[in-house]
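This report refers to the structure that appears directly beneath it.
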Amino acid sequence: WKDNKRTFYYKVIRAGIYPKDILCYTKKPTSYSIPHGYVIQTTWNRNTCTVQCSINYVNDKPTYVVKFGNNFSNQVVSSKSPSDATTLFHNQINQGVNTRTSGVLLFGLHLESIHQYRIKPHKKRILKPVNEASHSTLTKRAKSMTKQVLDDFTNISKNHYNPVDKPILEKVQFSVNNYKFKVNVNENLITKECKNEAMVMVVDNGQISRDAYRKLTTIEDELPREWTIAEKRTQINIRMNDRIKINTVIMPQHMDINSNESSDIFDPEVIEEVTTSVGKGGKRSIKDVLKFIVPNLIKRGVLNLHEPIISIRISGDGRNVGKKVKHVMITFAILEDIENIHNPNYHYTVVLYPGLENYESLDILTISFREELQELKEIGININGVNWTINMYFSSDWKFLTICLGFNSANSLFFCPWCTITKKEISDIKKEWLISKQIDNINQYNGHHSTPLFNMISLENWIPDELHIMLRITDRLWSLLLHEIEETGYFNDVAREIIVKEMNRIKVNFHFWQEKECQSWSFTSLMGQDKLKVLQFFDLNKVLPPTRANVIRNLWNGFFDLYTAIRDPNTDPKIFKRDAKMWLKIFLTPSTGIPNSDNFVQGLYRPNDVTPYMHVLVFHIHEFIEKHKKWGLKSFSCAPVENKNHQQVTQFFRKTLRDGGNGINRKSAILQILEFENRKLYYICNDSHNIPNTIKLQI
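My numbering puts the first residue of the sequence shown at 2, with every later residue one more than the last.
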């Protein structure tokens, strides 16, 4: 179309319609009808500029939009008139230059052919039902409808949101009969990646198998596809392995069967998988882990750049899997991170292997770890230009601690890692036993047969586990109670039933059973919380005469008070020492008078009944309370490490949770565990769980 000065070229995208009852017109004298749903591209010969103009009625009034620039990425909007929209357009592209174009011409409202097309009766096109249409037809319809919805959304949103809010239509979802359509629009790739990352974290934390996740995606189509999750997991593994490298270690194949220890894991599949994994160990560098986590600890305010000191607690645990093999791990935690010191996720695995929990195996697996610890002690570690001093502590159960010290077992003549007491002196409460050994010359003392694996840690920083103090002393008190019932001749079916009923009353699952061809009775091995319930709430009057029940109840209550004091950071070490000695004195109360006479008063227990853990409780715990008051002995509890070990064994040594492939193509569980540990660090330090919430509404 030509006027006196310029030539206009038009490309009609959508002719639009004239809405009834609300139809508006341009100003007189022309009074052109203004359509709804109208889109046209206009090009004129001056600089061959092309714009896309559209008109839609919003709240019964036309809204005029002029899009321009690359891919029509810029736009101006007016609800006044096409001429006003045209003026806004020229102000945008010709700043400071007075240029005018007729709004009617730019929008093509004068084109008679389009006007005739709108008013001419059209034969309504009959659309095929969706069940008769092809896939391509359905796709075209969905995309076309989405484009119209997008235009409407763009115009309508201006009436509801401030331009700085930048409202974006992300998807259109609808259904036609049994066909469901979801069309993504302006998909935010960054948000999508964050969501995929968060989903990998959820799958990891929930230990959801690949098959289970696939089934979930068939039910909920909002979930990312399983292959997307697998691909993202692999990306994180590669990225983290560049920061914290996972190294494998080939262990000696020789393995003795140890049938003297009871199993912690009974699942045949888990036992088989762990047993076949023997000889395949794994490790990570403690320096790599520190370099990765310290910036986040500084960000959280856990570590102070002006006091660059890091206190690391090393721990170890061996979990029985069947009677043949153990799953052995060494971890470290940051004591300054007191908020998370009891969370298994914040105890970082550095050594891991299935095999024997003995000195020889640990000596092989910890060579590079010990070299790093020695370097950390001597020169510290430089992270982002700051040199950090490292303080070191060690805490584990008795067996693991003595193995790492190269020391005798607990049933030896010389049994205490910290002092020179012998088994013959264990019940002598008149003597004073203090930490008297030094790590530098520890092999000069009786019972130390090998060089300590971690000789860079001062002996006063080798701290007994408060959890195992409770577990083992409670075990001894319980076994002494059952032995006393047996000695009186009342340990029969009636007595056993009474005990089981009392356990049920205090919400503890407990049973007796008798093995085939065995006269002795076995009973349920209780977990820590159940043992505390028994220690506190078991009614001894149900199984003992009232006077005797009262004496033993006082002994049990006394030990519970001591255990509570161990976990209390405000405990006075002098008062604890006094109370602990008094408790042992009560424990060793001798009988008085002549047996079977009126003046006979039954005592409690014999010197042989005192255990190494009782010795530590009475003579050394007060020292540890005083020396480590800054942290409190509760910070050295091995409960999170044991929980971590149990989780790893039960979660990763199952074929159903293994990472794809068969035979040699399948990753070892050890490698999967350490990759999982790396991903955990990635999630923690990258805030992978921080995904914007969606406000869900219904109208």
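Glycine included, every Cβ here is placed at the ideal spot set by N, Cα and C.
- Inclusion of Val352 and Met330 in the CB contact set at 9 Å is warranted, their separation being smaller than that value.
- By a beta-carbon distance limit of 8 Å, Leu563 contacts Asp580. Their separation comes to about 6 Å.
- Where Ser316 is concerned, the enclosing beta strand (DSSP E) starts and stops at 310-322.
- By the 16-neighbour rule on beta-carbons within 10 angstroms, Val642 is buried.
- Counting only runs of at least 4 residues, the region 581-641 fully encloses the following alpha helix (DSSP H) elements, listed from N- to C-terminal order: 613-620, 622-628.
- A distance below 7 Å between beta-carbons, with the five flanking residues on each side excluded, links Ser437 to the following residues of its chain, in chain order: Cys420, Thr421.
- When DSSP states are grouped into helix, strand and coil, Tyr162 belongs to the coil group.
- With contacts defined as CB atoms closer than 9 Å, His621 and Pro465 qualify as a contacting pair.
- In terms of Cβ geometry, Arg314 and Ser636 form a close pair [threshold 9 Å].
- Per DSSP, reduced to three states, the secondary structure at Ala213 is helical.
- Linking Gly317 to Gly282 through their CA atoms gives a straight-line distance of about 15 Å.
- The beta carbon of Leu363 is closer than 7 Å to those of Ile404, Cys405, Leu454 in its chain, skipping five residues each way along the sequence.
- In the same chain as Lys578, and ignoring 5 residues on each side of it, the C-beta atoms closer than 7 Å to its own belong to His623, in chain order.
- Sixteen is the threshold: since fewer than 16 other Cβ atoms of the shown chains lie within 10 Å of the Cβ of Cys50, the residue is exposed.
- Segment contact: the region 59-70 against the region 78-90, three or more CB-CB distances shorter than 8 Å; contact assigned.
- Every beta strand (DSSP E) of 3 residues or more that sits fully in the region 50-102 is shown, in chain order, as 50-59, 62-69, 75-79.
- Taken in chain order, the complete beta strand (DSSP E) segments of 3 residues or longer contained in the region 398-469 are 463-465.
- Taking every protein chain shown into account, the CB of Asp441 has fewer than 16 other CB atoms within 10 angstroms, so this residue is exposed.
- By the Cβ neighbour-count rule, Leu217 is exposed, with fewer than 16 other Cβ atoms within 10 Å of its own.
- Distance between Phe154 and Leu170, taken at the CA atoms: about 7 Å.
- Under the 10 Å beta carbon count, Gln673 is surrounded by 16 or more other beta carbons and is classified as buried.
- DSSP places Trp228 inside the alpha helix (DSSP H), whose first and last residues are 227-244.
- Collapsing the DSSP output to three states places Ser176 in a strand.
- Asn248: member of the beta strand (DSSP E) spanning 247-251, first to last residue.
- Counting only the Cα atoms, Ala134 lies some 40 Å from Tyr26.
- If only uninterrupted alpha helix (DSSP H) runs of at least 4 residues are considered, those enclosed by the region 501-539 are 529-538.
- For the pair Lys508 and Leu482, the Cα-to-Cα distance works out to about 20 Å.
- Taking C-beta atoms under 8 Å as the contact rule, Trp584 and Gly559 qualify, at a distance of about 5 Å.
- Rounded to whole angstroms, the separation of the alpha carbons of Gly407 and Ser413 is 13 Å.
- Below 8 Å, enough C-beta pairs join the region 238-251 and the region 283-292 to call them touching: three or more.
- Per the coordinates, the alpha-carbon of Ser176 lies some 24 Å from the alpha-carbon of Asn156.
- Trp557 places its beta carbon less than 9 Å from that of Leu478.
- When the five nearest sequence neighbours on each side are left out, the beta carbons in the same chain lying within less than 8 Å of the beta carbon of Lys575 are those of His623, in order along the chain.
- The Cβ-Cβ distance between Ile391 and Ile310 falls below 9 Å.
- Shown here, Tyr683 sits in a helix according to DSSP, grouped into three states.
- Proximity of the region 515-529 to the region 542-550 falls short of the contact definition, fewer than three beta-carbon pairs being nearer than 8 Å.
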